[in-house]
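Chains as they are written, first to last, in the working numbering: chain L, 5 to 96; chain P, 8 to 582.
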Amino acid sequence: MDEQARREYWRSNLRLMAVLLTIWALVSFGAGIIFVDALNNIEIAGFPLGFWFAQQGSIITFVILIAVYVWRMDKLDKRYGIDEYEEEVHHS
Amino acid sequence: MTDIQAWTLVFVVITFAIYIYVAWASRVSDTKGFYVAGGGIPAPANGAAIAADWMSAASFISMAGIIALAGNGYAGSVYLMGWTGGYVLLALLLAPYLRKFGKYTVPDFVGDRYSETARLIAVVCAIVVSFVYVAGQMSGVGVVFSRFLGVDTTWGVIIGMAIVFCYAVLGGMKGITWTQVTQYSVLIIAYLIPAVAVSQKLTGIPLPQIGFGQILEELNALQADLGFASYTEAFTSQNMLNMILITAALMFGTAGLPHVIVRFYTAKNVRAARYSALWALFFIALLYTTAPAVASFAKYNILGDVNGVALADQPNWFNQWADVGLVTGPAAEDGTLPPVSDLNGNGVLDFTGAGSDVANEVVINNDILVLASPEIGGLPAPIVGLVAAGGLAAALSTASGLLLVISSSAANDLYHKRINPKANEKQQLLVARIAMAAAILIAGWLGINPPGFVAQVVALAFGLAASSFFPILVLGIFWKRCTAAGAAAGMTAGIVTTMAYMIWTIDIYGNSEGIWGIHETGFGTIGMLINFAVTIIVSLMTKPPSEAMQHLVEDVRYPGRTELVARHAAGEEIE
């Protein structure tokens, strides 16, 4: 990769991370803690919504966030042609 | 021997025979296999191993009990969100880059990226954190054995030590990884079967994650009748500030824990490291979304079965756990827990909360909830035995992973890097095995004589990991300008403030309220922020790292072969 491509690759990576980490914070600290009282006024399938986010929704979202990350990074690696290398584990 | 004991013995013997066979079948003879399993573990298997390594006796045995009893529902969410949310940070910010850097351990990364002083600080932290955990696991093993097999706790621990010794010393990382894959299968089956059965029985829905919504309203009403705070309402036992700080400390602590990070080096390449994180969290989420359901079902059953029933008519599980002193009466003045009795003489036991006009007469230990829940839910003896085997799998898999971190820190980071750099393969492996054996002996001793403050020290371990490792790992990758002096100063500042706060808030000094009521478990977050600030300020005040180092850090950001990382990996000095 030349200098230009490297910079673009890294910027795409950072942008993806920023989006995913924002969702990470909004779901756990936001829906699960800060806005929990307001959300608890809504009830779905027996669950007060804020309580559901704290005990189920946030965990499910975390799994989805990492899934989106690995999927997008695979695509990014492919676009920059760095998806075919197999690295060795290094001795020190 | 009762039915339950017989079934427990059957399951424990069968599962342990499998673990030892797996360890023997995948034994190793070189350091690469010993530390990182030759880097040849497929991502789903690696994910399952990480999940088993990560989910300890605390996750399997204690968590549901803490949610149901100590945290009263909502407050227990700090563990659920904290211990899973950390994996998002690990997957996005650390795992792929540390894998690319390609070293065995966290101290190795710290030593190569920063300096020898920083490496030494990191070695000390890694060993302390790991020992604290391992002591807890060993005493967990002792508890399970003593209840189900009727042996002394000490003997329970010794049996556990012997088994860990066999597969950890023989197999190293490769043996441990495949054994942990097996252990994950055992522990998740053991957790899900009773949860599904109880959910089906109580709600008619076999999926506990959905089923427990059906009983929450009734549970809240039941709790209100008995004077407990509402189960689903927020901030009844922990305020918002502490909820945020504790959740964050567990998240950042998870992302900085040396025994989890080391697992990403067992992945084949950068891509496999990303996938390992995904599989790991997926496997962990299966248990972590089930735990709150188990908690609410058990609380619901206990409130219905125990309260208002005479001591002589209490269910079987109640009497059995009362016999081993884990169901008791309320604490006496001197802190001891007397046997259950009908204190107010009304002929029945009252299991009530602080808001009730009748005083509580029953205290249930958090740790028995999961082990007892099949019995509480009225499930047959084989399932109870299966759960015991699952609890042992959880405790032993974590113990062996931690012992590996301790032995590799001693053999690789201390012996090979500092004492005898010319050591050959064979010598290194011998030192690693001796260190492992010594670590098992010390861990066993700690398990038999647990320090009285285990719970507090475990919290400190998370705070330590968050406040020492997380900032310097992240800055080491994302900020080329971060210097060795900055990292050493930041790590030290983070640990020292966190430890100082912990010690300062111990009851004997009369400061247990802390500053602004901040719980000591949550202070790791503050320590981490201090670490970030100090690292950045000192880095800006000191000379930037060498050109070569800055290039190396940049190279780590791209998968595939890059020149500098390859040279660094070949052992060349990058200065």
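We treat Cβ as the ideally placed atom computed from N, Cα and C, and that holds for glycine.
Counting along the chain, P215/P sits inside the alpha helix (DSSP H) bounded by residues 215-218. For R19/L, no Cβ of chain P is located within less than 8 Å of the residue's own Cβ.
Secondary structure at V203/P: helix, using DSSP grouped into helix, strand and coil. The residue among I413/P, Y28/P, F108/P, Y238/P with its C-alpha nearest the C-alpha of V135/P is I413/P. Contacts with chain L (Cβ-Cβ distance below 8 Å) from the region 274-302 of chain P involve K275, N276, V277, R278, R281, Y282, A284, L285, L288, F289, A292, Y295, T296, P299, listed in chain order. For the set A446/P, C489/P, T186/P, the Cα lying nearest the Cα of A56/P is the one of T186/P. In the three-state DSSP reduction, T9/P falls in the coil class, being neither helix nor strand. Apart from sequence neighbours up to five positions away, the residues of its chain that approach L571/P with a beta-carbon distance below 6 Å are H558, L559, D562, ordered along the chain. Using a Cβ-Cβ distance cut-off of 8 Å, the region 78-95 of chain P and the region 376-387 of chain P are not in contact, since fewer than three pairs of beta carbons, one from each stretch, lie closer than that value. For Q221/P, the closest Cβ of chain L is nearer than 8 Å. Spanning the alpha carbons of E47/L and L53/L requires a straight line of approximately 6 Å. The criterion of a C-beta distance shorter than 8 Å is satisfied by L393/P and I200/P. DSSP, read as helix, strand or coil, puts F39/L in coil. Not a single C-beta of chain P is nearer than 8 Å to the C-beta of D6/L. With a cutoff of 8 Å on beta-carbon distance, T532/P and F259/P are scored as near each other. Under a criterion of Cβ atoms nearer than 8 Å, no residue of chain L is adjacent to G497/P; the nearest Cβ is some 21 Å distant. Of all residues in the region 14-43 of chain L, those with a C-beta nearer than 8 Å to a C-beta of chain P are W14, N17, M21, L24, L25, W28, S32, F33, G36, I37, I38, V40, D41, reading in chain order.
Listed along chain L, the residues sitting closer than 7 Å to S84/P by beta-carbon distance are G36, A58, Q59.
Closer than 8 Å to the CB of P566/P there is at least one CB belonging to chain L.
Contact check for L233/P against N314/P passes: the beta carbons are separated by less than 8 Å. Closer than 8 Å to the CB of V377/P there is not a single CB belonging to chain L.
Inter-segment contact for the region 531-547 of chain P and the region 495-503 of chain P is present: three or more beta-carbon pairs are separated by less than 8 Å.
Per DSSP, L437/P is one residue of the alpha helix (DSSP H) stretching across 432-455. In the DSSP secondary-structure assignment, T335/P is bridged to V370/P. Residue contact with chain L for A98/P: present (Cβ-Cβ distance below 8 Å to some residue of chain L). At a cut-off of 8 Å between beta carbons, R10/L contacts chain P.
Of all residues in the region 230-254 of chain P, only Y238, T239, E240, A241, F242, M247, M250, I251, T254 come within less than 9 Å of chain L when Cβ atoms are compared, listed by chain position. Scanning chain L for C-beta atoms nearer than 8 Å to the C-beta of I217/P yields A49, reported in chain order. Annotation for W75/L: the continuous alpha helix (DSSP H) segment containing it runs 62-83. Annotation: Cβ neighbours of T91/P in chain L (cutoff 7 Å, chain order): I63, F66.
In the pairwise beta carbon analysis, the region 70-85 of chain L is classified as not touching the region 349-359 of chain P: fewer than three pairs are separated by under 8 Å.
By the neighbour-count criterion, in which 16 or more other beta carbons inside 10 Å mark a residue as buried, E123/P falls on the exposed side. When rounded, the separation of the alpha-carbon atoms in R11/L and K550/P is 25 Å.
When Cβ-Cβ separations below 8 Å define contact, Y94/P makes contact with chain L.
The C-beta of E579/P comes no closer than 8 Å to any C-beta of chain L. Under the DSSP definition of a beta bridge, A274/P partners with I48/P.
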